[in-house]
Each structure stands twice: as C-alpha cells, then as structure tokens.
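For the sequence shown, the working numbering assigns the number 45 to the initial residue and increments by one for each residue that follows.
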Amino acid sequence: MQTTRIRAFLALLLVSGLVLVGCQDSLVRSFSQKGDRSVASTTAQGKGPNGIGQCDTIVTPSGTIQAAIDAAGSGEVICVKPGIYTENITIGESVTVRGQTPATSGNPVVVKGWVSIEAEGSVLRRVVVTREGPTSLPVDPFGIRITASNILVADNVVHSISEEVERGSINGIQAFGGEPLSDITIKNNIVRDYRNVDDQGDPVFGVAGIKVQADVSDVEVTGNEVRDLHSDFGFGVVLTTSSSADGVPKDVLVENNTLEGINDGTVFGVFSGSNSGRDAPPFPGSAVGIEAEAEEATVRGNNLLAPNGVENKDEQDPLVAECNWWGDKSGPTDDGNHGGGGTWALERNNSEIEYTPWLNAPAPSNACVGGERPGNR
C-alpha cells in the first residue's frame with residue numbers, strides 16, 4: 045500500500061513539472077501603456093507548426109511597437125494585435141514584427157507613419173502602413189524602407205500616401221544600398237493609391253511602388269500587387285542608381301507581380317503617342333523600369349498593365365523580359381512586334397528589351413508561346 049502511494053505521488057509531481065515547463069515555454073511579454081512608459085507583463089501564447097503563433101512579445105494598441113522592439117533581444121518575435129498605431133518605427137534589432145491578423149482583413153494592424161528596417165535578419169509581415177499629410181522625409185519618402193541585409197518584407201499593405209516632396213519619388217517599399225546590401229525578399233505585398241502632388245493638386249516628381257536602389261544584390265520581388273500610382277512619372281517596380289550612394293542593383297528577380305494603373309491617364313493627362321514622342325510630363329507610367337544595368341535584372345511571369353509594360357534606359361545591355369503578360373495576346377506594342385497591341389515595350393536611349401516569347405494569357409499562366417513561330421517549341 046505504502047509503495048503504491050509513493051508511486052502515485054511521484055507521478056503527480058512529474059505531471060505537475062511538465063505542465064509548469066510547458067507554461068514557462070509559452071510565456072511572452074505583453075506591452076501596454078501606463079502613463080509615459082511601456083511596461084512588460086507575461087501572457088500565455090500557444091505555439092503552432094513552423095513558428096506560426098509563436099510570440100516572445102505581444103503588443104496592444106495601448107502600447108507602441110517601437111517600445112517592444114527596443115526591449116526585444118535578437119531573434120525574438122513581436123506579435124502585434126489589430127488596431128491603429130500612430131508612430132514611426134525603426135527596426136534596429138534583428139527581430140520579427142508580425143501582425144496577428146492578415147493585412148487584408150477587416151481588422152488589421154495599421155501603422156500610421158513609416159517603417160525603417162535597419163537591422164540585419166529582420167522580418168516585417170502582415171502590417172498596413174499608411175499616413176496622412178507630410179512627414180519629416182522631404183527626399184524620397186517611403187512607407188517601408190530597407191537598409192540592411194537578409195531581410196524579408198511580406199504580406200503587408202502600403203497605401204494612400206499623398207504629399208509633395210522636394211525631389212525624388214514617394215516610394216511604397218524601398219531597398220536602399222547606401223552600403224552594400226544583399227539577400228532581400230519583397231513578396232506578396234500590396235502597394236496602392238499614391239499621389240505626389242503640390243498644394244494645387246498638380247503632379248510633381250515621381251512615385252514608385254517598389255524601388256531597388258544603389259548597391260543592393262540578390263533581390264527577389266515576387267508576388268506583389270502595385271496599382272493606382274500617379275504623378276509626373278511613375279513605376280510599379282524600378283531598379284535605379286542614386287546620386288547619394290555608389291553601386292547599382294545586381295541579381296534582381298522581378299517575378300509573378302501584377303503592376304497596373306500607374307500614370308495611366310485616369311488622374312493626370314499623359315501623352316499617349318509613340319515611343320519617340322513620350323517626352324513631356326506627366327509621363328505615361330511604367331510597370332517595370334530599368335534605370336541601372338539591365339543585365340542584372342530578370343523580369344518574367346508578370347502582368348505588365350501600365351501604359352509602358354517595361355521601360356529600359358540601359359543602352360549597353362538588353363533587358364530579358366520573357367514570359368510576361370502585356371495585356372493582349374498579340375504581345376507588346378513595339379516597332380519590332382508588328383501587330384502588337386499590348387502595353388508598350390519602351391526602349392529608351394537605343395536600349396533593347398527581349399520580350400519574346402510572351403504569355404498569351406494573364407499570369408499565372410503556362411502559355412509562354414507568344415511571338416514564336418509554329419514548330420519553334
């Protein structure tokens with residue numbers, strides 16, 4: 045009898061210990077606001093497969109995302125509850141910031157400000173970034189900016205930013221290599237509804253949905269949707285140099301994106317003549333623009349639905365832009381494609397765009413046979 049009681053007692057202790065260990069593993073910090081200070085408390089949070097649902101810190105709208113980042117250790121996951129967060133955010137520690145609901149849901153995480161990602165290995169997911177009125181960024185203002193390596197920006201929505209800038213463009217998502225950067229992934233985001241206008245509502249300077257600029261290498265821009273951007277000039281995705289930094293984008297893949305409604309004449313009047321006549325602002329927008337080295341970019345599997353499907357300014361090397369949908373099964377409008385009725389392949393400065401074969405139907409599609417003669421495949 046005594047032996048049986050001892051065994052039962054030991055079993056009870058073992059079970060209690062396992063429960064306590066499990067609880068301790070799932071304790072997370074929760075940030076709420078008390079006066080002017082963000083304070084941390086512990087909250088139980090379950091863990092799912094592949095880290096889904098795993099949180100080291102939980103932020104609520106009564107606190108700030110920035111306070112959670114400042115208190116986090118390297119590699120921690122900061123989960124953000126739905127609500128409005130009026131703040132500019134600098135991710136200066138290698139952390140994951142993730143909204144607990146999809147950015148496209150009816151109850152998302154909304155950041156009214158901007159997000160600057162400055163720490164290597166950081167992740168930003170499922171956040172809406174928007175704002176009203178000007179910021180303290182008169183040159184190249186942004187919704188999300190990346191200035192570090194090994195970064196993932198995914199499943200976010202950046203929208204409705206309208207302001208006048210002194211020079212440059214309003215950028216939805218910008219990867220800027222003031223110093224050499226590498227391994228940047230920008231995927232499954234939505235960038236929409238931008239205006240770059242003056243006090244009278246007239247267009248000034250530019251807009252860019254996703255900008256890859258200066259010394260940035262090994263970049264994937266995939267599965268994004270960019271639409272409704274309007275100003276003097278505009279790009280859905282642009283690869284470009286910088287007047288303030290050396291280097292050019294290298295090894296950039298632009299794939300499976302839908303880019304439409306960019307300076308298409310629905311907001312500001314744009315000239316719609318031939319390639320050689322498109323030289324007065326507001327310029328027709330370009331789904332993809334190359335203002336750097338074309339040989340460093342691959343453009344494929346995209347829906348190119350701005351007035352210019354692709355614009356290339358590199359006269360040294362052709363741009364490979366095969367297997368894209370140009371809005372019509374006849375392929376792009378170009379002097380070299382007789383009968384082409386789709387969006388323009390705009391070859392500036394005697395540049396070239398290699399667009400054959402093209403998709404015969406909107407992406408995603410396997411019908412990459414446009415422009416090929418029967419028997420060539």
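Beta carbons are placed, not taken as given, at the ideal position from N, Cα and C, and that holds for glycine.
Please read these numbers as outputs of a predicted model, since none were measured by experiment.
If you draw a straight line from the Cα of L168 to the Cα of Y129, it is about 15 Å long.
When rounded, the separation of the alpha-carbon atoms in Q110 and K156 is 13 Å. Just measuring C-alpha positions, the residue of F220, S206 and A192 sitting nearest V248 is S206.
Taken in chain order, the complete beta strand (DSSP E) segments of 3 or more residues contained in the region 101 to 184 are 101 to 103, 121 to 124, 127 to 129, 133 to 135, 140 to 143, 153 to 156, 159 to 161, 167 to 169 and 172 to 174.
For A341, the enclosing beta strand (DSSP E) begins and ends at A341 to R344.
With contacts defined by Cβ atoms closer than 8 Å, A411 and G353 do not form a contacting pair. Bridge partners of G221 according to DSSP: A258.
For D237, the enclosing beta strand (DSSP E) starts and ends at I234 to R239.
Cβ-Cβ separation between I397 and D358: approximately 10 Å, too far for a contact (criterion under 8 Å). DSSP links C412 through a beta bridge to L403. By the neighbour-count criterion, in which 16 or more other beta carbons inside 10 Å mark a residue as buried, G150 falls on the exposed side. Looking at V171, D372 and A365, the one whose alpha-carbon comes closest to that of G383 is D372. Taking a 10 Å sphere around the C-beta of V197, we find 16 or more other C-beta atoms and assign the residue as buried. A straight line joining the alpha-carbon of P105 with that of A289 spans about 38 Å.
By the neighbour-count criterion, in which a residue is buried when 16 or more other Cβ atoms sit within 10 angstroms of its Cβ, N393 is exposed. D262 is the residue among D262, G221, G253 and A252 whose C-alpha sits nearest the C-alpha of I228. With contacts defined by Cβ atoms closer than 8 Å, S138 and S160 do not form a contacting pair.
Secondary structure at A338: helix, using DSSP grouped into helix, strand and coil. By the neighbour-count criterion, in which 16 or more other beta carbons inside 10 Å mark a residue as buried, A219 falls on the buried side.
Around A405, the same chain offers A411 as residues with beta carbons nearer than 6 Å, after the five sequence neighbours per side are excluded. H382 is not bridged by DSSP to any residue.
Looking at V209, A336, D272 and S409, the one whose alpha-carbon comes closest to that of N300 is S409. Within the region 284 to 332, complete beta strand (DSSP E) segments of at least 3 residues are found at 294 to 299 and 302 to 306, given in chain order.
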